[in-house]
Amino acid sequence: MCERMKRIDENGFSLFESMIHLLIFTIVIQLTLLFFYWKAPVESSYQNDFLSEWEVFSLEVQELLEEVHVIEQPKTTSFTFHTDRGRITLQVYQQMIRKLVNGEGHVPLLVDLQSASFTVDGNRLKISVTKNNGIKKEGTFAIGISM
Numbered sequence: 050m051c052e053r054m055k056r057i058d059e060n061g062f063s064l065f066e067s068m069i070h071l072l073i074f075t076i077v078i079q080l081t082l083l084f085f086y087w088k089a090p091v092e093s094s095y096q097n098d099f100l101s102e103w104e105v106f107s108l109e110v111q112e113l114l115e116e117v118h119v120i121e122q123p124k125t126t127s128f129t130f131h132t133d134r135g136r137i138t139l140q141v142y143q144q145m146i147r148k149l150v151n152g153e154g155h156v157p158l159l160v161d162l163q164s165a166s167f168t169v170d171g172n173r174l175k176i177s178v179t180k181n182n183g184i185k186k187e188g189t190f191a192i193g194i195s196m
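Numbering (the numbering used here), first residue to last: 50 to 196.
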């Protein structure tokens, strides 16, 4: 009988192994719940990031339009005007709105766009934008014409 007790019995789980498996399972479940609890605020913050990105874009466009000398005939995908810095074009290029100065350069102003359009009504520029995730935004900017 003593020989039988001295042999290591590896035919099943011990209580200690079962406790470790239960502990690991509990940790995995808690991490899963924590992930889904964390996911919702992160998604809403990404939506807020677009709003702040739009505000920065709006401020930059309004600054560009402060002292305009000449406005060229606008197209739906581009808007060109002349200032003291030269001929500035706001253009839809691939999935972004970019700024060109005298036909050169490539300054992305707003990225990750599905579509964008420019319309001019008097001395107001209206920009309509749709992001790839479906969020739509419109802005009207005053054009400061100086002679």
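Don't be surprised by glycine CBs; every beta carbon is placed ideally from N, CA and C.
Quick caveat: nothing in here was measured; it's all calculated off a predicted structure.
Helix, strand or coil at ILE184 according to DSSP, with G and I counted as helix: In the sequence shown, residue 184 corresponds to position 135, counting from 1. Note: ILE184 maps to coil in three-state DSSP.
Reduced DSSP category for GLN163 - H, G, I as helix; E, B as strand; rest coil: Taking the sequence shown and counting its residues from 1, the one referred to as residue 163 is at position 114. In this structure, GLN163 counts as strand in the three-state DSSP scheme.
Integer Cβ distance of SER127 from PHE190, believed to fall under 8 Å: Along the sequence shown, one-based indexing puts residue 127 at 78. Along the sequence shown, one-based indexing puts residue 190 at 141. Not confirmed; about 15 Å, so no contact.
SER45 vs VAL178 beta-carbon contact at 9 Å: It is not possible to answer for residue 45, since the shown part of the chain is limited to 50 through 196.
Sub-9 Å separation of HIS118 and ASP133 beta-carbons: Here residue 118 refers to the residue found at position 69 when the sequence shown is read from its first residue. Here residue 133 refers to the residue found at position 84 when the sequence shown is read from its first residue. In this structure, ASP133 lies closer than 9 Å to HIS118 by Cβ.
Bridge partners - LYS148, DSSP secondary structure assignment: Looking up residue 148 in the sequence shown gives position 99. BP columns for LYS148 point to LEU139 and VAL156.
Buried/exposed call for ILE176, threshold 16 Cβ in 10 Å: Locating residue 176 in the sequence shown gives position 127, where the first residue counts as 1. Looking at its Cβ environment, which holds 16 or more other Cβ atoms inside 10 Å, ILE176 is buried.
Option in GLU153, THR125, TYR86 and GLN144 with minimal Cα separation from ILE137: As a first step, residue 137 must be located in the sequence shown, where it is residue number 88. Ranking GLU153, THR125, TYR86 and GLN144 by Cα distance to ILE137 puts GLU153 first.
Unbroken beta strand (DSSP E) run spanning HIS131, endpoints: Translated into the one-based positions of the sequence shown, residue 131 becomes position 82. 127 to 132 is the span of the beta strand (DSSP E), which, as asked, contains HIS131.
Sequence-distant residues of the same chain with beta carbon closer than 6 Å to ILE120, five excluded per side: Walking along the sequence shown from the start, residue 120 turns up at place 71. The answer, listed in chain order, is PHE130.
C-alpha distance - GLN111 paired with ILE146, whole-angstrom precision: The residue given as residue 111 occupies position 62 in the sequence shown. The residue given as residue 146 occupies position 97 in the sequence shown. One C-alpha to the other measures close to 15 Å.
Three-way DSSP call (helix, strand, coil) for LYS175 in this model: Taking the sequence shown and counting its residues from 1, the one referred to as residue 175 is at position 126. Here LYS175 sits in strand by DSSP.
Classification of LEU64 by the beta-carbon crowding that lies within 10 angstroms, buried from 16 upward: On the sequence shown, position 15 is the one that residue 64 refers to. Label assigned to LEU64: exposed.
Rounded separation between LYS185 and MET68 - CA only: Here residue 185 refers to the residue found at position 136 when the sequence shown is read from its first residue. Here residue 68 refers to the residue found at position 19 when the sequence shown is read from its first residue. Roughly 53 Å separates the two Cα atoms.
Proximal residues to ASN172 (C-beta, below 7 Å), its chain only, five neighbours per side dropped: Here residue 172 is taken as the residue at index 123 of the sequence shown, counted from 1. Once the five neighbours on either side are set aside, the close Cβ partners of ASN172 are ALA191, ILE192 and ILE194.
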